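I have placed the structure first, in the form of structure tokens, so that the comments after it can refer back to it.
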Amino acid sequence: MAYYRSVGSVPHKRHTQHRTPEGGLYAEELMGEEGFSADSSLLYHAGIPSAIIDATLWELPDQTLTENRPLIPRHLRLHTLTSDDWKAVDVVTGRRLVLGNADVRISYVAAGEASPLYRNAIGNECVYIESGTATVETVFGTLQAAQGDYVMLPRATTHRWLPVGDEPLRAYVIEANSHIAPPKRYLSRYGQLLEHAPYCERDLHGPTEPLVVEGNDVEVLVKHRGSRGVTGTRYVCPTHPFDVVGWDGCLYPYTFNVADFEPITGRVHQPPPVHQVFEGHNFVICNFVPRKVDYHPLAVPVPYYHANVDSDEVMFYCGGDYEARKGSGIAQGSISLHPGGHSHGPQPGAVERSLGIEFFDELAVMVDTFRPLELGEGGLAAEDPAYAWTWAGRGPAS
Numbered sequence: 001m002a003y004y005r006s007v008g009s010v011p012h013k014r015h016t017q018h019r020t021p022e023g024g025l026y027a028e029e030l031m032g033e034e035g036f037s038a039d040s041s042l043l044y045h046a047g048i049p050s051a052i053i054d055a056t057l058w059e060l061p062d063q064t065l066t067e068n069r070p071l072i073p074r075h076l077r078l079h080t081l082t083s084d085d086w087k088a089v090d091v092v093t094g095r096r097l098v099l100g101n102a103d104v105r106i107s108y109v110a111a112g113e114a115s116p117l118y119r120n121a122i123g124n125e126c127v128y129i130e131s132g133t134a135t136v137e138t139v140f141g142t143l144q145a146a147q148g149d150y151v152m153l154p155r156a157t158t159h160r161w162l163p164v165g166d167e168p169l170r171a172y173v174i175e176a177n178s179h180i181a182p183p184k185r186y187l188s189r190y191g192q193l194l195e196h197a198p199y200c201e202r203d204l205h206g207p208t209e210p211l212v213v214e215g216n217d218v219e220v221l222v223k224h225r226g227s228r229g230v231t232g233t234r235y236v237c238p239t240h241p242f243d244v245v246g247w248d249g250c251l252y253p254y255t256f257n258v259a260d261f262e263p264i265t266g267r268v269h270q271p272p273p274v275h276q277v278f279e280g281h282n283f284v285i286c287n288f289v290p291r292k293v294d295y296h297p298l299a300v301p302v303p304y305y306h307a308n309v310d311s312d313e314v315m316f317y318c319g320g321d322y323e324a325r326k327g328s329g330i331a332q333g334s335i336s337l338h339p340g341g342h343s344h345g346p347q348p349g350a351v352e353r354s355l356g357i358e359f360f361d362e363l364a365v366m367v368d369t370f371r372p373l374e375l376g377e378g379g380l381a382a383e384d385p386a387y388a389w390t391w392a393g394r395g396p397a398s
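For the sequence shown, the positions run 1 to 398 when full-length UniProt numbering is used.
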């Protein structure tokens with residue numbers, strides 16, 4: 001995080017006694033990144049945060065990945081993954097793996113059930129709320145999440161999801177094998193968001209008060225590294241993890257709404273990095289929001305054809321009308337995967353239709369990776385097999 005916050009009851013000086021009203025000591029826990037050398041927070045627990053009384057295997061949802069062979073662009077219709085019994089699905093155990101590699105995994109879920117307590121010990125999770133609302137309870141306190149929110153959950157943050165309302169909570173989950181943060185070019189050398197950044201600290205909303213929950217023999221699901229990749233463990237803790245009376249520091253969960261992202265525009269078409277919102281190791285996250293488009297008298301507002309020789313491009317279409325993809329079958333809830341080694345761009349006719357347009361009413365979340373992406377079981381289940389041939393108007397069976 002870019003700035004310090006203090007919530008609840010903390011002692012005057014760190015690493016000193018902090019006593020309960022009854023005279024006992026709270027347990028101080030440092031949660032920090034990069035081995036005491038990066039952002040951290042100090043949390044003050046009523047119980048002992050290390051205590052567990054049982055540990056068993058937790059079988060994760062299917063993590064199988066299949067190579068993108070032959071190398072073709074893909075269209076994945078994520079709304080087809082919605083279960084008829086979505087009210088019994090939760091955001092943690094119900095997510096379907098769509099795409100992934102060694103650096104990042106992208107999943108999708110439509111949920112209505114409260115999730116178990118959960119902790120991702122592999123990397124940060126950045127969850128985009130396509131629709132619906134939820135309360136996210138965390139060891140730091142409570143977040144309110146609604147349509148258009150990014151929910152940023154630091155690695156190893158114990159939390160759970162509580163969907164609210166009569167509609168499914170549709171969540172697009174970006175799980176890193178690293179930390180996720182604002183791009184370095186947006187930050188001062190001390191971590192403040194700079195004037196040229198498309199958002200600032202006022203747009204980031206963290207917990208405002210402690211969430212103190214009592215309980216005994218509480219289960220927590222932990223996703224973590226194993227010798228064969230990603231694996232899971234089910235802990236039983238003697239006291240509830242949400243027993244924190246206060247915390248302070250620069251590491252904590254927060255929300256950021258895409259409507260607070262101020263787009264950067266120009267006289268001619270701007271490259272995707274101007275849309276960047278976050279970055280992780282070997283990948284970036286961008287968002288394309290409603291905006292005034294290129295205003296040179298001869299401007300072509302839709303993207304030029306481009307070959308991402310160093311990256312795979314994943315676009316999640318989550319609102320508005322995406323001009324460059326008209327005629328492709330792509331709609332709300334679609335993903336396009338344009339892999340490195342394949343040149344891609346507007347659908348036939350899109351360039352001509354865009355001439356003279358002054359405003360794009362579109363909303364999309366893009367992930368660019370610098371290692372090839374493979375297809376998860378959810379991606380294979382949601383694929384539109386006709387998409388690769390839409391630029392030519394005919395495929396191998398023609």
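Idealized CB from N, CA, C, for every residue including glycine. None of these values were measured; they are calculated from a predicted model.
A contact is defined here as three or more CB-CB pairs under 8 Å, and the stretch 159–171 meets this definition with respect to the stretch 97–117.
Here the stretch 182–191 makes no contact with the stretch 147–156; the two share fewer than three CB pairs at distances below 8 Å. When secondary structure is reduced to three states using DSSP, E22 falls in the coil class, being assigned neither helix nor strand. Within the UniProt domain "Homogentisate 1,2-dioxygenase C-terminal" (283–357), the complete beta strand (DSSP E) runs of at least 3 residues fall at 283–288, 312–320, 334–338. The beta carbons of H240 and P73 sit no closer together than 7 Å. Under DSSP, T56 takes part in a beta bridge, and its partners are R234. Under DSSP, V365 takes part in a beta bridge, and its partners are N287, F316. The alpha-carbon of Q276 is positioned some 8 Å away from that of P183. By the 16-neighbour rule on beta-carbons within 10 angstroms, Y150 is buried.
Pairing G320 with D294 gives a Cβ-Cβ distance that is not under 7 Å. Proximity of the stretch 120–137 to the stretch 264–271 falls short of the contact definition, fewer than three beta-carbon pairs being nearer than 8 Å. Sequence-distant partners of P238 (beyond 5 residues in either direction) whose C-beta falls short of 6 Å from its own C-beta, in its chain, are A51, I53.
In the DSSP assignment, the residues bridged to N216 are T239.
Residue environment: V309 is assigned as exposed (fewer than 16 neighbouring CB atoms within 10 Å of its CB, all protein chains considered). Collapsing the DSSP output to three states places K13 in coil.
A check of alpha carbon separations from R228 across R170, Q63, E34 identifies Q63 as the nearest.
Here DSSP, grouped into helix, strand and coil, assigns H281 to coil.
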